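The sequence shown begins at 0 in numbering that gives the first Met the number 0 and counts up one residue at a time.
Below: one structure, written as structure tokens.
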Amino acid sequence: MTTPAYDVPSRSTPTLDNWTPVTTDELEKLIGCAPCKTCQLDPVPTWLVKNMKTLLSPFVTLLFNKSLAGGCFPSDFKKAVVRPLLKKAGSDTSQMKNYRPVSNLSFLSKLLERVVQKRLQEFLDSNNLMPLTQSAYRQYHSTETAVTKVYNDLLLAADEGDVSALCLLDLTAAFDTVDHDLLMLRLERQFGLRGVVLQWFSSYLSDRTFQVVFGGSTSSVVIIVCSVPQGSVLGPRLFILYTADLADVAAAHDVNIHSYADDTQLYLQCQRRDMTTTIQRLEICISDVSHWMAANRLKLNADKTELLWAGSKYGSASLVGSGPPLRLGDETITASDHVRLLGVTISSDLSTDKHVSHTSSACFYWLRQIRRIRRSLDTESAKTLVHAFVSSRVDGCNAMLAGSSKASTDRLQRVLNAAARVVSGTHKFDRGLTHLLHSELHWLDVPQRIQFKLGVTVHRCLRGNAPQYLVDCCKSTTDAVSRQRLRSASRRQLIVPRHRRTNFGRRAFTVAGPTAWNSLPDYLRDPSLSEDTFRRLLKTYLFALY
Numbered sequence: 000m001t002t003p004a005y006d007v008p009s010r011s012t013p014t015l016d017n018w019t020p021v022t023t024d025e026l027e028k029l030i031g032c033a034p035c036k037t038c039q040l041d042p043v044p045t046w047l048v049k050n051m052k053t054l055l056s057p058f059v060t061l062l063f064n065k066s067l068a069g070g071c072f073p074s075d076f077k078k079a080v081v082r083p084l085l086k087k088a089g090s091d092t093s094q095m096k097n098y099r100p101v102s103n104l105s106f107l108s109k110l111l112e113r114v115v116q117k118r119l120q121e122f123l124d125s126n127n128l129m130p131l132t133q134s135a136y137r138q139y140h141s142t143e144t145a146v147t148k149v150y151n152d153l154l155l156a157a158d159e160g161d162v163s164a165l166c167l168l169d170l171t172a173a174f175d176t177v178d179h180d181l182l183m184l185r186l187e188r189q190f191g192l193r194g195v196v197l198q199w200f201s202s203y204l205s206d207r208t209f210q211v212v213f214g215g216s217t218s219s220v221v222i223i224v225c226s227v228p229q230g231s232v233l234g235p236r237l238f239i240l241y242t243a244d245l246a247d248v249a250a251a252h253d254v255n256i257h258s259y260a261d262d263t264q265l266y267l268q269c270q271r272r273d274m275t276t277t278i279q280r281l282e283i284c285i286s287d288v289s290h291w292m293a294a295n296r297l298k299l300n301a302d303k304t305e306l307l308w309a310g311s312k313y314g315s316a317s318l319v320g321s322g323p324p325l326r327l328g329d330e331t332i333t334a335s336d337h338v339r340l341l342g343v344t345i346s347s348d349l350s351t352d353k354h355v356s357h358t359s360s361a362c363f364y365w366l367r368q369i370r371r372i373r374r375s376l377d378t379e380s381a382k383t384l385v386h387a388f389v390s391s392r393v394d395g396c397n398a399m400l401a402g403s404s405k406a407s408t409d410r411l412q413r414v415l416n417a418a419a420r421v422v423s424g425t426h427k428f429d430r431g432l433t434h435l436l437h438s439e440l441h442w443l444d445v446p447q448r449i450q451f452k453l454g455v456t457v458h459r460c461l462r463g464n465a466p467q468y469l470v471d472c473c474k475s476t477t478d479a480v481s482r483q484r485l486r487s488a489s490r491r492q493l494i495v496p497r498h499r500r501t502n503f504g505r506r507a508f509t510v511a512g513p514t515a516w517n518s519l520p521d522y523l524r525d526p527s528l529s530e531d532t533f534r535r536l537l538k539t540y541l542f543a544l545y
């Protein structure tokens, strides 16, 4: 099967021809920060390497510098052990498509990849070469920032009285079909990698092998002719660069796009009377996306592609939940009542009820598991488990709960109350729960946790420690010429955009973030404060409001 005739477009970009050498101090820090995971390919346990890092670092530094200077990735580092993992618990174990082929690589292999990743990312960031709408594997970006952006846009559209068509695309074995020749052309023509740097990546991708270990059996050695390895450090980053052109395909159709690795969301806003023409635009865009993917050895999975019509539940309510379907070739995708976007449930009426319901159910499940072993745990261990499995879920993406109904926040508050009882060992009808939450555990209530998340996110935006798409939502009053003479301009306040509907506009981060920031006292509205200091002062301030 030959590579299709796809012409990778060239761009005028700065070039990266050589790697900067590795220092012993840098390598010691990387070894110290590395997780204590050991692969069966490692000759010694990782914990031993970490303990002996001072002695081993000079020799490893010499090896890595030889690799970088010669543009050669060591052949022993190209071996992988693949252990198939179920994508979702409870999936049919007899179906191969339900497994994720995660590559286990040697410790030194991943350490060298981290060295290269650091230098590559610095080059890409300093020259603004990363896709703006890609939120995976990037500093200051996360699934939470991606969801905040998409949900913000949907709410703003509903505030204008429009509906939105949100399409969640899914790829089949995305990482496993990356064409090496096309990837190398893209690295050279679009991202400016040249000379020894490009030679090093060519060596990194070529002649890789793996063996599958499953059920106690090991397969024969398989030679890899395509793909970037899942479980590696560089693999996911290379996939992001490989698919960077998707943003250009969407832009050509004036369709909004946001991606997190291989999870891609396309969405459009329109008036209700234009829903049919809008879905046709989306179909044409997805058709071009599908053709682009086919030319680049990727495949769109129509079976797992989802569609959501989102907007106000009032007026033509029936259109939002069951709007025009999406047709992709022979497949017809009907609109769902809700979709799961990067772990967050988004409903067609943009309410948070289903998200809160799913979060509460998951939290209470884990609380039941922790309660069963509580007698065997000390208080600190119980706190750690509760934070890992419960409070982290309550806080996850909770900025989207701004302006939610009291019924929604009360449901999450009941989760925190139950978690506090598990930690303290008290019973349901014991008194003093408020004192336990605030004085002993130092836990904020759910409404204050939402305000805390909004305040911290805005503070990061003002310090430049957030994605640009969120930074653009936080504009200072000093930036507006018409407001420069106002008192708010000297008090470090932000512009709160006008909105029409309370149920939508005020809940969007563009409005809720600046509103939460402006409500803080003057001493807190200081972007020069370090994030740790700001978080401490903000939590103290929110506790004082009780």
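For glycine and all other residues, C-beta sits at the position ideal for the given N, C-alpha and C.
Just so we're clear, the structure is a prediction, and the values are computed from it rather than from any experiment.
Open item on the list: At the level of alpha carbons, what is the spacing between P73 and S529?
Closed with: Numbered from its first residue, the sequence shown carries residue 73 at position 74. Numbered from its first residue, the sequence shown carries residue 529 at position 530. Those two C-alpha atoms are separated by around 42 Å.
TODO: Return the first residue and the last residue of the beta strand (DSSP E) that I345 is part of.
DONE: Stepping through the sequence shown from its first residue, residue 345 is reached at position 346. Unbroken beta strand (DSSP E) run through I345: 343–346.
TODO: Quick one: using the 10 Å Cβ neighbour count with 16 as the cut-off for buried, is T408 buried or exposed?
DONE: To locate residue 408, count along the sequence shown from 1; it is residue 409. Classification of T408: buried, given that the 10 Å Cβ count is 16 or more.
Task: Environment of T351 [buried if 16+ CB atoms lie within 10 Å] - done: Here residue 351 refers to the residue found at position 352 of the sequence shown. Within a 10 Å sphere around the beta-carbon of T351 sit 16 or more other beta-carbons, which makes this residue buried.
- [ ] Check whether the Cβ atoms of Y259 and L165 sit closer than 8 Å, and answer yes or no.
- [x] As a working note, residue 259 is residue 260 in the sequence shown. As a working note, residue 165 is residue 166 in the sequence shown. Not closer than 8 Å, so no.
- [ ] To the nearest angstrom, report how far apart G402 and L327 are at their CA atoms.
- [x] Here residue 402 is taken as the residue at index 403 of the sequence shown, counted from 1. Here residue 327 is taken as the residue at index 328 of the sequence shown, counted from 1. Distance between the alpha carbons of G402 and L327 is about 37 Å.
Open item on the list: Do V385 and V355 have their beta-carbon atoms positioned less than 8 Å apart in this structure?
Closed with: Locating residue 355 in the sequence shown gives position 356, where the first residue counts as 1. Locating residue 385 in the sequence shown gives position 386, where the first residue counts as 1. Against a cut-off of 8 Å, the Cβ pair of V385 and V355 comes out as no contact.
Task: Environment of H290 [buried if 16+ CB atoms lie within 10 Å] - done: On the sequence shown, residue 290 is found 291 positions in, with the first residue counted as 1. H290 comes out exposed.
Open item on the list: Quick check on this structure: which residue in F508, N502, I494 has the alpha carbon closest to the alpha carbon of N517?
Closed with: Counting from one through the sequence shown, the residue named residue 517 turns up at place 518. Among F508, N502, I494, the Cα nearest to that of N517 belongs to I494.
TODO: Report the rounded CA-to-CA distance for D6 versus Q270, giving the unit in angstroms.
DONE: For the purposes of this step, residue 6 is taken as residue 7 along the sequence shown, with counting starting at 1. For the purposes of this step, residue 270 is taken as residue 271 along the sequence shown, with counting starting at 1. So the alpha carbons of these two residues sit roughly 38 Å apart.
TODO: Give the secondary structure of W308 by DSSP, where H, G and I count as helix, E and B as strand, and everything else as coil.
DONE: To locate residue 308, count along the sequence shown from 1; it is residue 309. It is a strand residue.
- [ ] Give the DSSP-derived three-state secondary structure of T208 in the structure shown.
- [x] Here the question's residue 208 lines up with position 209 in the sequence shown. Here T208 sits in strand by DSSP.
TODO: Report yes if the CB atom of A507 is closer than 8 Å to the CB atom of D158, and no otherwise.
DONE: Start at 1 with the first residue of the sequence shown, and residue 507 comes out as number 508. Start at 1 with the first residue of the sequence shown, and residue 158 comes out as number 159. Contact flag set, yes.
Open item on the list: Give me, in chain order, the residues of the same chain whose beta-carbon lies closer than 7 Å to that of R185; leave out the 5 immediate sequence neighbours on both sides.
Closed with: Along the sequence shown, read from residue 1 onward, the residue named residue 185 stands at position 186. Closer than 7 Å at Cβ, skipping near neighbours: V7, L240, Y241.
TODO: Using DSSP bridges, identify the partner residues of Q268.
DONE: Position 269 of the sequence shown, counted from the first residue, corresponds to residue 268. DSSP lists S163 as partners of Q268.
Task: Counterpart residues of E330 in DSSP-defined beta bridges - done: The count along the sequence shown starts at 1 and reaches residue 330 at position 331. Within the DSSP secondary-structure output, E330 pairs in a beta bridge with L327.
Open item on the list: With the cut-off set at 8 Å, would you say T208 and V224 are in Cβ contact?
Closed with: Start at 1 with the first residue of the sequence shown, and residue 208 comes out as number 209. Start at 1 with the first residue of the sequence shown, and residue 224 comes out as number 225. Not a contact, by the Cβ cut-off of 8 Å.
- [ ] Give the DSSP bridge partners of T217, in chain order.
- [x] What you label residue 217 is simply residue 218 of the sequence shown in a count that begins at 1. DSSP, once it has assigned bridges, lists V212 as partnering T217.
Open item on the list: With a threshold of 6 Å on Cβ separation, who are the neighbours of S317 within its own chain once the five nearest residues in sequence on each side are excluded?
Closed with: For the purposes of this step, residue 317 is taken as residue 318 along the sequence shown, with counting starting at 1. Low confidence applies to S317: its pLDDT is 49, below 50, so where it sits in the model is not reliable enough to give any reading.
Task: In DSSP terms, what L340 is bridged to - done: Reading the sequence shown from its first residue, position 341 is the one you call residue 340. According to DSSP, residue pairing for L340 in a beta bridge involves V343.
- [ ] Compute the beta-carbon to beta-carbon distance between P130 and A246, rounded to the nearest angstrom, for a pair I have assumed lies under 8 Å.
- [x] Residue 130 sits at position 131 when you count from the first residue of the sequence shown. Residue 246 sits at position 247 when you count from the first residue of the sequence shown. The pair is a contact, with the Cβ atoms about 5 Å apart (cut-off 8 Å).
TODO: Let me know if V48 comes out buried or exposed under the rule of 16 or more other beta-carbons within 10 Å of its beta-carbon.
DONE: Position 49 of the sequence shown, counted from the first residue, corresponds to residue 48. Buried: at least 16 other Cβ atoms inside 10 Å.
TODO: Give the single residue among A398, A361, Y136, R371 whose Cα lies nearest to the Cα of A387.
DONE: Against the sequence shown, residue 387 aligns to sequence position 388. Among A398, A361, Y136, R371, the Cα nearest to that of A387 is on A361.
- [ ] Could you tell me the distance, in whole angstroms, from the CA atom of G214 to the CA atom of L84?
- [x] As a working note, residue 214 is residue 215 in the sequence shown. As a working note, residue 84 is residue 85 in the sequence shown. Approximately 12 Å between the Cα atoms of the pair.
Task: Spatial distance of F546 from E282 (CA atoms) - done: Here the chain covers residues 0 to 545 and nothing more, so residue 546 does not appear.
Open item on the list: Distance check for P323 and S218, CA to CA, integer angstroms please.
Closed with: As a first step, residue 218 must be located in the sequence shown, where it is residue number 219. As a first step, residue 323 must be located in the sequence shown, where it is residue number 324. S218 and P323: Cα-Cα distance of roughly 48 Å.
- [ ] With a threshold of 16 other CB atoms inside 10 Å of the CB of R499, please say whether the residue is buried or exposed.
- [x] The count along the sequence shown starts at 1 and reaches residue 499 at position 500. It is exposed - the Cβ of R499 has fewer than 16 other Cβ atoms within 10 Å.
TODO: List the residues that DSSP assigns as beta-bridge partners of T263.
DONE: Position 264 of the sequence shown, counted from the first residue, corresponds to residue 263. According to DSSP, T263 bridges with L168, S258.
TODO: Pull up the distance between the alpha-carbon of I332 and that of C284, whole angstroms please.
DONE: Position 333 of the sequence shown, counting from 1, holds the residue named residue 332. Position 285 of the sequence shown, counting from 1, holds the residue named residue 284. Looking at the two C-alpha atoms, the distance is approximately 15 Å.
Open item on the list: With the cut-off set at 8 Å, would you say L461 and C473 are in Cβ contact?
Closed with: The count along the sequence shown starts at 1 and reaches residue 461 at position 462. The count along the sequence shown starts at 1 and reaches residue 473 at position 474. The answer is yes: Cβ separation under 8 Å.
Task: Chain-order list of residues whose beta-carbon lies under 8 Å from that of D519 (same chain, five-residue window excluded) - done: Walking along the sequence shown from the start, residue 519 turns up at place 520. Here residue 519 is Leu; the residue named in the question, Asp, does not match the sequence. Taken in chain order, the residues that qualify are G454, L537, Y540.
- [ ] Report the rounded CA-to-CA distance for E143 versus T304, giving the unit in angstroms.
- [x] Counting from one through the sequence shown, the residue named residue 143 turns up at place 144. Counting from one through the sequence shown, the residue named residue 304 turns up at place 305. Near 21 Å, if we compare the C-alpha coordinates of T304 and E143.
Task: Classification of L182 by the beta-carbon crowding that lies within 10 angstroms, buried from 16 upward - done: Sequence index remark: in the sequence shown, residue 182 carries index 183 (1-based). Burial call: buried.
Task: Inter-stretch contact (C-beta, 8 Å, three-pair minimum) for the stretch 35–52 and the stretch 148–156 - done: Result no; under three Cβ-Cβ pairs closer than 8 Å.
Task: Top-ranked residue by Cα proximity to P228, from N103, V343, F533, S347 - done: By one-based count along the sequence shown, residue 228 stands at place 229. The shortest Cα separation from P228 among N103, V343, F533, S347 belongs to N103.
- [ ] Could you give the DSSP three-state label for L40: helix, strand or coil?
- [x] As a first step, residue 40 is located in the sequence shown; it is residue number 41 there, counting from the start. Correct three-state label for L40: coil.
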